[in-house]
Structures are given as C-alpha cells and as structure tokens.
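Novice: Residue numbering for the sequence shown follows numbering that gives the first Met the number 0, starting at 0 and increasing by one per position.
This structure is in structure tokens; I'll ask about it shortly.
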Amino acid sequence: METPIKYPGNLTLRVVLTCIMAASGGLIFGYDHGVSGGVTSMDSFLKQFFPSVYEKESNMKPSSNKYCKFNSQILTLFTSSLYLSALVAGLGASSITRMLGRRATMIIGGICFVGGALLNGFAVSIWMLIVGRLLLGFGIGCANQSVPIYVSEMAPYKYRGALNMCFQLSITIGIFVANLFNYYFSKILNGQGWRLSLGLGAVPAFFFVIGSFCLPDSPSSLVERGHHEEAKRELVKIRGTTEVDAEFRDILAASEASQNVKHPWRTLMDRKYRPQLVFAICIPFFQQFTGLNVITFYAPILFRTIGFGSRASLMSAVIIGSFKPVSTLVSILVVDKFGRRTLFLEGGAQMLICQIIMTVAIAVTFGTNGNPGTLPKWYAIVVVGVICVYVSGFAWSWGPLAWLVPSEIFPLEIRPAAQSITVGVNMISTFFIAQFFTSMLCHMKFGLFIFFGCFVVIMTTFIYKLLPETKGIPLEEMSMVWQKHPIWGKFLESDITTQNDKINGKC
Ligand code: BGC
C-alpha cells in the first residue's frame, strides 16, 4: 500500500487568520444555540409569551409531578424551530457552496444571522420570536455547511485537525457567553433583559459578514470554478512556499474527478462511498444522542426541575458552560497527536460513567414523583460536578470530532453534498432533542440519562469497530484509509471483485 504524500507548507499567518475568522461562524451558532434555554427559564419572558407555562412553573397552577412543570411543546418550539430551518438551509447550501464558493455561503449565512437576532431582540409577539429563530436557523445551516469544509481545505494537512476544531471552540465560547449574558441580563431592564440576550447575537454576526467579504476562497473551490491561476497564487500564499506543485496537481485531479460528477447526490449513493455515507449520517446522529444538548439548552430548566432556585440555575449553567471551551482547547492541542479514535473512545467512556452517577443521584433524591422535600447539600455538589466532567468528556471528543471527521473523509466530488447530509442529520437530531426534551423528562424522569447512556455504549462500539484513524492523512489521500481498514477494506474489495466479474461476464 502506498504511503500518503507529504506536501510542504507552513502554518502561515494568512491561514491562521482565515481559519479564525471562518471559525467565528461557530461563535454565532453557539450563541444562538446556548441563549434560548436561559431565556425560556426567565419569568418575565414566560409571562409575556408563554403565560400558561409561567402559571405552572410559578406554582400558580402547580403540576402534580415536578418532572413535568416545564412540559410545553410551544415553549420548546421556540428553541427547536431554529433547527428545522437550519436543516432546509443546510441542504440548499451545498449547491451554493459548489457553484458560488464557500465564501458566498458564509456571507449569506451571516446576513440571516443579523436579521434573525434583531427580530428576536425586538420581538413583541410569538411570530416575531419564531420567524427570528427560523432566520437564525438559515444562517446556521449555511455556516455549518460551508465553514468546516472551508477550514479543512485551507489548512495544511498536518494542522487540519487543530484548525478545524477552532470552529467547535468558537461554538463552545458562543454558548458560554450566552449563558453568562443570560445570568447578568435576567435581572436588568425591568425584566426585559432577555431582549439584550437575544438581540446581542447580531454583533458577532455583523463582524462575520464583514470578515467573510474579506476572506479569500479556498484553492479547491477556486479550481472547482475554473480559476486555476488564482487558485495557485492563493495556495502559494497560504502555504508560505512556492513548492506547491504536488498539492496543486492533486487538487486539479480531484477537481477533474469532481467535474465528471454531474449529480453529486446520486454519486454519494454509490457503493464505493458507502463507508463515508455511513459516517456522514451516524456521526451527527450519535453526537446529538449523547444527550449533551439537554444540558446546553435546558440546564437552567433542568436545574430548576431538580430543585435549584432561578439564579442558582442560571449560575450553574455558566459554571458548566465554562468547561466546554477549556476542554475543547485540550482537544485542539492533542487531536493531531493522539488521533481521532483515542479521543472518541475516551470521551465515550467518561460520559457513560457520569450518566450512571447522575441517574443514581437524581433517583435517590427525587424518586419518580419528583418531590424531594429538602435537598441534601451533597446532591447539588454531585450533580453540578458530575455534569461538568460529563460536559468535558463531550467537549474533547464528540463535540469537535463530529464536525472534523465528516469534513475530512469525503473526496472533493461529493464533499459539499456529504457535508450537507452531516449538517442535515445534525439539525434534525438536534430538533428532536430540543423539541421533546421536556416531555421526555416528564415521562422518563431520571431514566432519561440512562436512555442517553445506552446510545453512548452503542456509539463508542461503533467507533471502535468501524472508524479508521484519519490523523495526518492529506485529504487527497484519504481513500486509502478505507482500503486498509479490516472491515471496510473487505467491503470495498468485494465491490471491486463484483464489478470485475460483471465486466468479465460482459466480455
Ligand atoms: C454540537 C452542538 C452542541 C455543541 C456543544 C456542537 O458540536 O453540534 O449541538 O451543543 O457542540 O459543545
């Protein structure tokens, strides 16, 4: 088997700035993602838009079971509607990304972000809230479709993992900032502080639009659209060396193969791309079924349900939120050294242990009717502490890797289409969790964490058995990893044999 080619090239300032700028798209995603949970736990917001939930939550009309007091499908629609439009936009964005380039998609996404945040900040009725969230979702669909591909294409292959993860790092910073703002804004402006929480999302969105206008397009995308000279000039600039011939030749070859593919969606269904397709679907699905977003969206609601006060709930969300960026940073530092598999497996084990401890702690204290009397002190410490460890496990494994791995395993000809699938599956799974969490909590009670724990066991086994290591392999050489893999190798070999048999039969 050939060994992968090593292209010369340095980590130039141009690459770093470009990737930081592009990854800041993640900041807006994270902010919009993290802001809604805190806002929906604020009394003034509930009173204005969801009075029936407010009555139940403030014990004016007490619910018989504490696990059920936030169970309202309209309330969760405020959080979840964003993911429906992100799903639609993510699918449409693949054509824009292919025809107009990665940059154009980012600009369109940024404009939607600005519009959505402003509409939410000035909302006076539910329709403004929902339309605003839908616009934000369009922005997220565009950004999540284009940014990871863009960063993977700009980065020198040796640093691809770390640079790509800046996207995830900025998602986690966005979530953390949203948690912090919710905590501070919950008590100002006569209860209208939620307007600042929602509206301030427009600020990074504005910078993202300006920044995207200034970015160069990636060499792969320029070649794909016929601008060969410009692509080569850009490659020289981003690699900081004139010795780019080998890499440029491979980009040209990949682009030629891509031009021959007139129907990327149909091509993606070819049997030879089956391994990539399996990961494009399973990785984002499993990422959401770690259960992490239950914490991201609803930590304040979850904490209030399990006995914390309102400010304590928002504060606990801030503490937990701070663990994500730090752990993602750890991941950035080690991903190109230890590899993707090690992080996936360790993160899975860590999350599972925490889920078991959490289930036991809540079950012992609350039982099934959710009425604990007075809460023991150990309980708050154990719950918040264990959730922090759980969140760290996610933040250095499934969080960043679920974006990194799909963005690096597809050949150019199907990359935008496959990335759209990844974004689409991520969004629909996120929608599911966002929409049904409160009713799942109401019905499954503390068993909810065991439900997610079972998925963690399945996904960890899946990675162990099926994911080949992609660390340090140039994108253009990636097809080799499947051929070398004990299971996928056999699968692809049988495919080649069948094709040869067919050809020989015909002859
Ligand atoms: C996921 C989000 C999640 C975030 C938290 C992202 O990779 O797609 O759903 O909330 O990580 O860190």
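A virtual CB, placed ideally from N, CA and C, is assigned to each residue, including glycine.
(1) What are the start and end residues of the alpha helix (DSSP H) that includes Cys213?
(2) What residue range is occupied by the uninterrupted alpha helix (DSSP H) comprising Lys231?
(3) To the nearest angstrom, how far is the alpha carbon of Thr11 from that of Leu81?
(4) Flag His32 as yes when its Cβ comes closer than 8 Å to any non-hydrogen atom of ligand 1, and as no otherwise.
(5) Heavy atom of ligand 3 less than 8 Å from the Cβ of Ala379, yes or no?
(6) Please report the straight-line C-alpha distance between Ala379 and Ala362, rounded to a whole angstrom.
(7) By a C-beta neighbour count over all protein chains shown, 10 Å radius and 16 as the cutoff for buried, is Ser391 buried or exposed?
(8) Apply the 10 Å Cβ neighbour rule to Arg270 and answer buried if 16 or more other Cβ atoms are within range, or exposed otherwise.
(9) Compute the Euclidean distance between the alpha carbons of Cys453 and Ile300, then round it to the nearest angstrom.
(10) Going by alpha carbons, who is nearest to Gly109 out of Ser94, Gly24, Lys186, Met426?
(11) Using a Cβ-Cβ cutoff of less than 8 Å, which residues in the same chain neighbour Ile356 once the five nearest sequence positions on both sides are dropped?
(12) Under three-state DSSP, which class holds Leu10?
(13) Does Ile148 pass the burial test, meaning 16 or more other C-beta atoms within 10 Å, or should it be called exposed?
(14) Roughly how many angstroms separate the alpha carbons of Glu152 and Ile187, rounded to a whole number?
(15) Could you check whether the region 417-425 touches the region 479-489, counting it as contact only if at least three pairs of C-beta atoms, one from each stretch, sit closer than 8 Å?
(16) Using only CA atoms, which one of Ser330, Leu474, Ile294 lies nearest to Cys387?
(17) In angstroms, rounded to a whole number, what distance separates the CA positions of Ala256 and Leu197?
(18) At the level of alpha carbons, what is the spacing between Asn181 and Phe207?
(19) With respect to 8 Å, is the separation between the Cβ of Asn181 and the closest non-hydrogen atom of ligand 1 below this value?
(20) For Ala401, I'd like the list of residues in its chain whose CB is within less than 7 Å of its CB, leaving aside the five on either flank, ordered along the chain.
(21) With H, G and I counted as helix, E and B as strand and the rest as coil, what does DSSP make of Thr289?
(22) Phe212: buried (16+ other C-beta within 10 angstroms of its C-beta) or exposed?
(23) Might you give, ordered along the chain, the residues of its own chain that have their beta carbon closer than 6 Å to the beta carbon of Lys46, omitting 5 neighbours on each side?
(24) Does at least one heavy atom of ligand 1 sit under 8 Å from the Cβ of Leu291?
(25) Just mark Val243 as buried or exposed, buried being the case when its beta carbon has 16 or more other beta carbons within 10 Å.
(26) Between Asn9, Phe166, Ile129, Pro274, which lies nearest to Phe461 when the distance is taken from Cα to Cα?
(27) Helix, strand or coil for Arg339? Go by DSSP, reduced to three states.
(28) How is the alpha helix (DSSP H) around Gly190 delimited, first residue to last?
(29) Figure out for me which residue from Val455, Phe450, Ala142, Pro218 has the closest Cα to the Cα of Ile27.
(30) Between the alpha carbons of Phe205 and Ala116, how many angstroms are there, rounded?
(31) State the Cα-Cα distance for the pair Thr2 and Gly308, rounded to the nearest angstrom.
(32) Flag Gly108 as yes when its Cβ comes closer than 8 Å to any non-hydrogen atom of ligand 1, and as no otherwise.
(33) Hey, Ala103 and Val334 are a contact pair by Cβ (cut 8 Å); roughly how many whole angstroms apart?
(34) Spatial neighbours of Ala298 within its chain, please: C-beta separation below 7 Å, excluding the five flanking residues on both sides.
(35) Residues in the same chain with beta-carbon distance under 7 Å from Glu229, minus the five sequence neighbours each way, listed in chain order, please.
(36) Straight-line CA distance for Ala252 to Gln191?
Specialist: The short version:
(1) DSSP places Cys213 in the uninterrupted alpha helix (DSSP H) bounded by 201-213.
(2) Its alpha helix (DSSP H) spans residues 227-238.
(3) When rounded, the separation of the alpha-carbon atoms in Thr11 and Leu81 is 36 Å.
(4) For ligand 1, at least one heavy atom lies less than 8 Å from the Cβ of His32.
(5) Summarising the ligand content, the structure contains ligand 1 and does not contain ligand 3.
(6) Rounded to whole angstroms, the separation of the alpha carbons of Ala362 and Ala379 is 13 Å.
(7) That one is buried.
(8) By the neighbour-count rule (16 or more Cβ atoms within 10 Å), Arg270 is not buried but exposed.
(9) One C-alpha to the other measures close to 23 Å.
(10) Taking only the C-alpha atoms, the option nearest Gly109 is Gly24.
(11) Hits under 8 Å: Val381, Val385.
(12) Three-state result, Leu10: coil.
(13) Buried is the call here.
(14) Distance between the alpha carbons of Glu152 and Ile187 is about 44 Å.
(15) No contact exists between the region 417-425 and the region 479-489.
(16) The candidate whose alpha carbon is nearest that of Cys387 is Ile294.
(17) Looking at the two C-alpha atoms, the distance is approximately 45 Å.
(18) Each residue's Cα considered, the two are about 22 Å apart.
(19) No - ligand 1 has no heavy atom lying nearer than 8 Å to the Cβ of Asn181.
(20) If the five residues before and after Ala401 are omitted, its C-beta is found closer than 7 Å to the C-beta atoms of Ile282, Pro283, Gln286, all from its own chain and listed in chain order.
(21) Here Thr289 sits in coil by DSSP.
(22) Exposed.
(23) Cβ-Cβ distances below 6 Å link Lys46 to Tyr53 in the same chain, with the five nearest sequence neighbours on each side left out; the list follows chain order.
(24) Look at Leu291: its beta carbon is less than 8 Å from one of the heavy atoms in ligand 1.
(25) With 16 or more other CB atoms across the displayed protein chains lying within 10 angstroms of its CB, Val243 is buried.
(26) The option with the nearest alpha carbon to Phe461 is Pro274.
(27) Arg339 falls in the helix class under three-state DSSP.
(28) No alpha helix (DSSP H) contains Gly190, which DSSP labels as neither H nor E.
(29) Nearest neighbour of Ile27 by Cα position, chosen from Val455, Phe450, Ala142, Pro218, turns out to be Ala142.
(30) So the two alpha carbons sit approximately 10 Å from each other.
(31) With a pLDDT of 45 at Thr2, under the threshold of 50, the modelled position of that residue is not reliable, and the figure given next carries that caveat. If I take the Cα positions, the gap works out to 59 Å.
(32) For ligand 1, not one heavy atom lies less than 8 Å from the Cβ of Gly108.
(33) 29 Å between Cβ atoms; not a contact.
(34) Excluding sequence neighbours, Ala298 sits near Gly36, Ser315, Ala316, Ile319.
(35) Listed in chain order, the non-local C-beta contacts of Glu229 below 7 Å within the same chain comprise Leu221, local neighbours out to five positions each way being set aside.
(36) Across the structure, Ala252 and Gln191 are spaced so that their CA atoms are roughly 57 Å apart.
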